[in-house]
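What follows is a set of notes on a single structure, which appears directly below.
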Amino acid sequence: MNKRLISYLITIFLVSFLIVYFSIQITQSAYSNPSKNILTINGMTITLGPAPNSTNVRLDTKITVDTLSSVSVNNPKFTPEIEISHENIYVSGPLTYEKSFYPSQFLKSGTSYRVSVTIKDILVSWRFSTTSEPFNPGLEYFLATNTMPIAFIIASLVTIIFGFWLSHFIKKKKFADGEKDTVNLDK
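Number 65 in this note's numbering belongs to position 58 of the sequence shown; there are no gaps in the numbering.
Written out as structure tokens, the structure reads:
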């Protein structure tokens with residue numbers, strides 16, 4: 008095998024791995040987006056998710072607060088207690104941002120939760136209830152939680168297929184050019 012072929016195969020692997028990995032990362036989530044409700048508190052518009060008093064909330068739902076970007080969302084409290092694995096903030100509009108809280112485990116089935124956060128020194132709290140159905144993960148959850156091995160397997164298959172095709176193409180070109188695969192034992 009020559010160095011050029013190896014560099015092609017490494018490039019094919021890396022490019023296909025990155026394409027698959029980022030395609031899954033960008034489009035799939037292990038968490039459900041909650042239904043949301045818009046409230047006005049002291050003249051400020053706030054969007055809460057899951058919506059206050061909502062029922063049958065999925066067990067894999069993240070908890071969100073969307074407010075003005077100039078306002079901080081602090082002191083999240085959950086009753087019963089929810090351990091948060093991480094928080095995420097993203098710009099949701101020209102002057103707003105959404106802060107999401109991601110539970111480290113699924114919410115408990117058939118449970119009423121109370122969420123409290125401090126927004127601009129105002130305590131905001133609401134309740135929601137989860138579904139009594141057990142969690143039944145779908146394809147999106149499988150993809151989101153297995154991104155790395157899926158990307159590795161697909162990139163490996165693409166590289167193997169391309170490698171066979173390229174080696175076949177090189178042998179065909181050598182045959183067409185009149186070259187033969189020979190081994191010189193005189194040296």
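For every residue, glycine included, the Cβ atom is placed at its ideal position computed from N, Cα and C.
Tell me whether residue 135 is buried or exposed, calling it buried when 16 or more other Cβ atoms sit within 10 Å of its Cβ. buried
Can you tell me the Cβ-Cβ gap for residue 75 and residue 137, rounded? I've got them flagged as a contact below 8 Å. Going by Cβ atoms, the distance from residue 75 to residue 137 rounds to 29 Å, so no, they are not a contact pair.
Which residues share a DSSP beta bridge with residue 134? 121
Can at least three beta-carbon pairs, one atom from the segment 75-90 and one from the segment 154-174, be found at a separation below 8 Å? no
Should residue 126 be labelled buried (16 or more other beta-carbon atoms within 10 Å of its own) or exposed? buried
Measure the alpha-carbon distance for residue 98 versus residue 61 and round it to whole angstroms. 25 Å
Whole angstroms is fine: what's the gap from residue 64's alpha carbon to residue 91's? 17 Å
If distances are taken between C-alpha atoms only, which option among 131, 21, 15, 33 comes closest to residue 150? 33
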